[in-house]
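Going by the numbering used here, the final residue of the sequence shown carries number 440, and the count climbs one at a time with no gaps.
Before any comments, here is the structure.
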Amino acid sequence: MFRTLLIVSAVLGAAAAASVLGVSNASPAPAGEPTWGAPQVISTPGTGGDHPTVAVDAAGDTTAVWTRGRRVFAARRPAGGRWRAPVEIGWGRYASPQVGADARGNVTVVWAGGPRWRVMGARRPAGGHWSRPVALSESGHGPYAGPVAQDPLLAVGRGGAVVVGWLYTRWEDESPFRGRAEAVYRPARGRWSAPRVLARRVYHGPSVGIDARGDVTAVFEGARGRVRAVRRVVGRGWLASVPLSPGQHGWVQADVAVDARGDATAIWDSDGKQRAVSRPHLGRWSTPVRVDASGASADVWTLTMDDAGTALVVLSDAEGRISVRSKPLHGDWRRPEMVQAAGSTEFSGLAVNPRGDALLTWTEGDWATFTHLTRHAAYRPRGGTWGAPRRVARAEFASVALDRTGDATAVWGRSGGIGRIWARTMTAPAPLVAAGIP
């Protein structure tokens, strides 16, 4: 299924790398706009693959993780340094890895399809080496022989606590079987817990978020399509779940974002319309409000929060319009900010750092033939406006991470698990001191 290609060396010159990629080389940016450096290969022969993801810690150290066949690889770049050679950290079928880093520099990676079809986890302590992978979920029965644990979602708290949620179900698209939404928790200085069942007979796994203290908020589809939320509080464990919405028809998928204090925002789709609720730390959930742009519901949404408690949601519709709405912790949802008025848009994503800088990414191309697919990005400094879109990579997907200064790293690969893994860095514009933004 997979074969090795001749890999271009990671020391390939910047001009040659840009030529291979078909994206612009490093060039001066207009005042107030970020500067993208030249792309570079970070995989080595035999390690290039697919499904890369990236995370950065408070010190600026960056970790990229991807798969090649059944093997999971990780590469590291110290702050201000160069990418180190990738190392194999585990294996898994259809792994879809996720990576997160805490403020101390400890890195956690989770993926699906490990031995006996389980969700697996590995950890790299700051200044140390990768641990042996550990099983986080119960055993599965193969993709078509019975239920398996799939689609793990990872959240890493600044203080070091970690939560992972997944769906334990069958893979058949038309199976009447509905699965269990489950989660595991690991304190900053402790071991992984046993799986906790959050809901039964659901179609989607839980979305999870975690604050700096280690308190968890999870949202999921409950009985009769009702969206529910549950918290796990340090010293008290998992609390009783509470409803966020009335019952819905059909499948309901919900997402949650949590800031460092524990303030939370949740969003879900209801009859083709997106609705959201918010909850201050130690407060109660608000009444649901509609957040999709008037006149056209969103096909895709992405939700995140900064450390000031401001929620941001990206909405993209069938016409290719991309807009962003924000909500201060104790305020209302603001009017949509249009980032792109039209296009052939798919797979939008949003990265936000603790102080509120944001980088929005999406893919443009011919979706009828899956050709000419390119990843674009638009940057917004805290307190500023969205800049002009820039083409970042010739790829269907790209993962991005923002450090505390607003600089970014993007990583991407090629579909099929046989291509090289590329990385590109973005330098944020100088702070807008004249506008009163330090």
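Even for Gly, the Cβ is constructed at its ideal location relative to N, Cα and C.
- Around the beta carbon of Lys275, fewer than 16 other beta carbons lie within 10 angstroms, which makes this residue exposed.
- Closest by C-alpha distance to Trp240, out of Ala343, Val89 and Val218, is Val218.
- In the same chain as Gly62, and ignoring 5 residues on each side of it, the C-beta atoms closer than 6 Å to its own belong to Ala81 and Asp405, in chain order.
- Unbroken beta strand (DSSP E) stretches of 3 residues or longer found wholly inside the region 332-400: 339-342, 347-354, 360-368, 373-382 and 392-395, given in chain order.
- Residue range Ala266 to Ser272 is occupied by the beta strand (DSSP E) that includes Ile269.
- Ile212 is bridged by DSSP to Val218.
- Here Asp257 is not near Gly311, since their CB atoms are 8 Å or more apart.
- At a Cβ-Cβ threshold of 8 Å, Trp38 and Val394 count as neighbours.
- About 5 Å separates the CB atoms of Pro149 and Arg172; that is less than 8 Å, so the two are in contact.
- Contact between the region 349-365 and the region 397-415 is established, with three or more Cβ pairs separated by less than 8 Å.
- Secondary structure note for Thr289: it is in no beta strand (DSSP E), with a DSSP letter that is neither H nor E.
- Taking C-alpha positions only, Ala163 is separated from Ala259 by approximately 16 Å.
- Rounded to the nearest whole angstrom, the C-alpha separation of Thr387 and Ala380 is 10 Å.
- Straight across, the Cα-Cα distance linking Ser346 with Arg70 is about 29 Å.
- Excluding sequence positions up to five before and after His283, its CB lies within less than 6 Å of the CB of Arg263, Gly264 and Asp265, all in the same chain and listed in chain order.
- Counting only unbroken stretches of 3 or more residues, the beta strand (DSSP E) elements lying wholly within the region 123-197 are 150-158, 164-171 and 181-188, in sequence order.
- Excluding residues up to 5 positions away in sequence, Asp261, Ala262 and Pro356 lie with their Cβ nearer than 6 Å to the Cβ of Asp309 in the same chain.
- Judged by DSSP secondary structure, Trp85 falls outside any beta strand (DSSP E); it is assigned neither H nor E.
- Contact between Val316 and Trp303 holds: their C-beta atoms lie close to 6 Å from each other, under 8 Å.
- Boundaries of the beta strand (DSSP E) around Leu317: Ala313 to Ser318.
- For the 8 Å CB-CB criterion, Glu398 and Thr365 form a contact.
- About 6 Å separates the beta carbon of Arg215 from that of Gly161, a gap short enough to meet the 8 Å contact definition.
- Collapsing the DSSP output to three states places Gly62 in coil.
- Between Ser328 and Pro36, the alpha-carbon positions lie close to 22 Å from each other.
- Straight-line spacing of the CA atoms in Asp334 and Thr306 works out to 16 Å.
- The residue from Val186, Gly285, Asp153 and Arg78 with its alpha-carbon nearest to that of Gly129 is Arg78.
- The bridge partners DSSP lists for Leu305 are Val315.
- Ala57 is positioned such that its CB atom lies closer than 8 Å to that of Gly102.
- In this structure Arg95 does not touch Arg120 by the C-beta definition: roughly 11 Å separates them, more than the 8 Å allowed.
- When rounded, the separation of the alpha-carbon atoms in Gly358 and Pro383 is 7 Å.
- In the DSSP assignment, Ser328 is bridged to Leu314.
- Secondary structure of Arg323 (DSSP, three-state): coil.
- Within a 10 Å sphere around the beta-carbon of Gly83 sit fewer than 16 other beta-carbons, which makes this residue exposed.
- Setting aside the 5 residues that flank it on each side, Gly207 is surrounded in the same chain by Asp153, Gly167, Trp168, Leu169 and Ala183, each with a C-beta closer than 6 Å to its C-beta; the list follows chain order.
- Under the three-state reduction of DSSP, Arg263 is assigned to coil, being neither helix nor strand.
- Assigned with DSSP and collapsed to three states, Ala40 falls in coil, not helix or strand.
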